[in-house]
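Note sheet for the following structure.
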Amino acid sequence: MKATSAWLLNANAHLNDPAPPIVFEKQAAGYSFKVHIFYDSCWLVAAWSKGSRIAFRMAYSPNDRLELKKLSEKDGKIILKISSLIGEQECVVDLPDAEAIPVLRLTTTLKPTAPLLFPYWPRDIVVLGAAGSELLAEGEIKVKQVGTRSGQLYFSLTRPKAGSVLYLQNLTALADYNQATETSAGETVGGEWPEIGFALPPTIKNKPLEAGKSYVLSDALIAFSEEVPADEPAMVRQYLDLTAAIYLALPKPETSYKHWPDILQKGLTDLQTSPGCWSQVDGNHYLNAYLSDYKTPPEIMVQLAVLLPLLDYVEWTDAELEMMKTIKDGLTAFYDADLGTIMRWHPKMADKMEAVEEQMQPMVMDSWYLNHPLLNLSRLALKGDKVAKKLFLDSLEFAIKVAHHFDYTWPVFYKMDTLEVVKAETQPGKGGEKDVPGLFSHIMLQAWELTGEKRYLAEAEKSALRLQGLGFELFYQANNTAFSAGAMLRLYKVTGREVYKEISYLCIANILQNTSLWDCNYGYGKNFPSFFRLFPLNDAPYTAAYEEEEVFCALHDYLRHAEGEDMLPSLRLLLAEYIRYLVDRAVYYYPPMLPKEMLSEEVKTGEVDASLWIALEDMHDGWERSGEVGQEVYGAGNAFGILPRHYMQVDGQPFMIYTDYPTYGFSAKKQRPANFRLAGDGRLNSRLMIVKTGKGKLPEFDIRLKGHREAWKGTKTKDGHFEFILPGDSEVHIDWKDGKK
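Under numbering that gives the first Met the number 0, the residue at position 21 of the sequence shown is numbered 20, and the numbers go up by one with no gaps.
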């Protein structure tokens, strides 16, 4: 039997009182909701139709007797004003409506009577089980907050078998509390069954709340389901659906237009001309991984991670970049003819590096570092690059040999010459790089598409099935998980087997689990937007430009393959929103966008030059400085990935068309009229801009949406652009009258 605290035992005893005092009760969306006040706590108890109950603590004052001063209803919300020794508390209950997925919202504010410290705060959820039973309900926690990711808790009630709950704490609303007490919102939602939920971070720095000022202490959104998922696919679908339902009700920060053509040019100039971005080996120039990092040998992953986004850009603009030839000229040096494969480190420098980390040895390979360059080489090969095609095909048999040796289940590090495992698991009992089987499947699909040989398709299927059963433990590195999602969707389209579509959903759910649906508006976090950011590793304490850029591109590709397919609507909604917010906030990875005082004075690798448009690797919690790891040159694809996917050039006209949502039928160049469809969901909005590119007068525009008779109205910005706010999932028709140039 699990041990419990005195707080839980007391709460459970009060809440199981056979005749508890009821302050308020109401039926809504098939659930029963009752509000009770017991001594020092105010609770809302929600009951399923089958009788199982769950209680949420709304107000609390230790060793006190709360007094209800006023109860009222306004705009469909129930408002309780409660007096306590620590101050006046207000609890707002927003009951669910008749939507398919009920979402409850509970918000509590406190106006302290004196400067207050909170050395401890109990968690706010008690799962009660059936009425009349003193036994605590049993359940399973599937997802909880890690670090500063979303303040989420996803669990099912298994005895009595009642249903499932997704709890999300809107951590954005706690910014004033975190600022005043100098605390972080990280690791505030979770717990161990049966003591679960949200707890205010303790005020360990002796910084109090100010007397007489109002603070939000909790803003919880809770989605209910009567289903206990029977298997992994059902669990994944439920998690995605519940997340989308809460997302629709969640207060979201506004975005603004960022002029990515200018941002790209600044980054391109610094990438080409900054000496810190380049090293020379054996007559060839190579990109450093980090700015001014001359100790680490050139890596093939770094070269290709920049080359592919540059290729996207030159295909969009028809420009020629000498830098691309420079990168390509150095690629063949990474091939080891004896082993028959590309290597991670440049062979002429590998034995000279300092082994400060266990993988920094000539023959040691990180599993994803073998596969990721192969994927990028295959992408170049499919575009007709002969050198890349030869490197890719010449390395395939070695990659297959390694996959067979490890039975498609990859360790963290191994030796290339002997395949001896150097590091088997990320942490004891956690397994290796669990999403690499999906990355390998993607490579095999590319090989099949390039050669037509069915054995590669068979390899892709065998590897793909290794992702089954991993649940929310699949995610090792964000970009690899995103590439895996795309590979699974392609396998589904090729084979017609539903299992691959379900695995693609599993990959997407793992990505979303590692995002943060809140904006860190305290400390240094006030200087940059962070809503819907994505963390690179499942335990990373910061977000990173490179992984986010690659996930952004991979999700665009996923949605392209999903066009016309019967896909989960919640998935389409959430992916479009992630992309929209990344386009808004990705510019803040560049140091010139940030105050210098928030940049780390100590840098792990290379150096940070605050004047250069080279992305920082790491953006931290608001109380920590960013750029501690360094400026990642291999994150330069940031702008080069965004521009060709969100800006449409129009032949012979002094404007471009921009959207912050991904689109279907939206190409690099368009003639008149322009027709395309926005991705996403019609319940949320996208920004469309007519971006002025010349000095001449813009023509008159006629923008219409399918199903709407009237032309859509926009507003002119101070820069001379025109802005339109359109519902997602709209078919857009744009025409114009020629203006004077």
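Ideal Cβ placement from N, Cα and C applies to all residues, glycine included.
Counting only the Cα atoms, aspartate 123 lies some 54 Å from alanine 349. For glycine 437 and valine 498, the gap between their C-alpha atoms comes out near 14 Å. The stretch 515-532 and the stretch 584-597 touch, with three or more beta-carbon pairs separated by less than 8 Å. Restricting attention to Leu697, Pro410 and Thr417, the CA atom closest to the CA of glycine 428 is found in Pro410. The distance from the Cβ of asparagine 526 to that of proline 591 is about 12 Å, inconsistent with a contact at the 8 Å cut-off.
Sorting Gly727, Asn637 and Asp734 by C-alpha distance to the C-alpha of isoleucine 262 places Asn637 at the top. In this structure, Arg703 is the residue among Ala113, Arg703 and His403 with its C-alpha nearest to the C-alpha of lysine 712. Cα atoms of alanine 113 and glycine 86: separation of roughly 8 Å, rounded to the nearest angstrom.
At a Cβ-Cβ threshold of 8 Å, phenylalanine 412 and methionine 364 count as neighbours.
Beta bridge pairing from DSSP links serine 625 with Leu598. The residues Ile341, Phe391, Ser394, Leu395, Ala398 and Ile442, in chain order, have a CB closer than 8 Å to that of leucine 373 in the same chain once the five nearest residues on each side in sequence are set aside. As a beta-bridge residue in DSSP terms, phenylalanine 654 pairs with Lys691. Cβ neighbours of isoleucine 326 within its own chain (closer than 6 Å, five residues either side excluded): Gln302 and Leu306. The C-alpha of threonine 604 is placed about 42 Å away from the C-alpha of glutamate 194. Aspartate 218 carries a strand assignment under DSSP once its states are collapsed to helix, strand and coil. Rounded to the nearest whole angstrom, the CA to CA distance from serine 60 to serine 40 is 7 Å.
In the DSSP assignment, methionine 300 falls within the unbroken alpha helix (DSSP H) covering 299-316.
With a cutoff of 8 Å on beta-carbon distance, isoleucine 656 and methionine 647 are scored as near each other. The Cβ-Cβ distance between histidine 371 and methionine 300 falls below 8 Å.
Between leucine 697 and isoleucine 689, the beta carbon gap of about 7 Å places them in contact (Cβ cut-off 8 Å). By the Cβ rule, the stretch 225-234 does not count as touching the stretch 179-190, because fewer than three pairs are nearer than 8 Å. Here DSSP, grouped into helix, strand and coil, assigns histidine 707 to coil. Counting C-beta pairs closer than 8 Å gives three or more between the stretch 243-259 and the stretch 94-114, which meets the contact rule. The bridge partners DSSP lists for histidine 35 are Trp42. Between the alpha carbons of glutamate 564 and aspartate 434 lies a gap of roughly 24 Å. The stretch 545-565 makes contact with the stretch 476-493, as at least three CB pairs between them are under 8 Å. Secondary structure note for lysine 251: it is in no beta strand (DSSP E), with a DSSP letter that is neither H nor E.
Proximity of the stretch 135-143 to the stretch 151-162 meets the contact definition, three or more beta-carbon pairs being nearer than 8 Å. In this chain, the alpha helix (DSSP H) harbouring methionine 487 covers 477-494. DSSP, reduced to helix, strand and coil, places asparagine 674 within a strand of the structure shown. Proline 250 places its beta carbon less than 8 Å from that of asparagine 169. Three or more beta-carbon pairs drawn from the stretch 452-467 and the stretch 501-508 are found closer than 8 Å, and the two stretches are therefore classed as touching. Straight-line measurement puts the Cα of alanine 54 at about 15 Å from the Cα of alanine 198. Under the three-state reduction of DSSP, tyrosine 545 is assigned to helix. For glutamate 424, the secondary structure class from DSSP, reduced to helix, strand or coil, is coil. Annotation: the continuous beta strand (DSSP E) that includes tryptophan 735 extends over 730-736.
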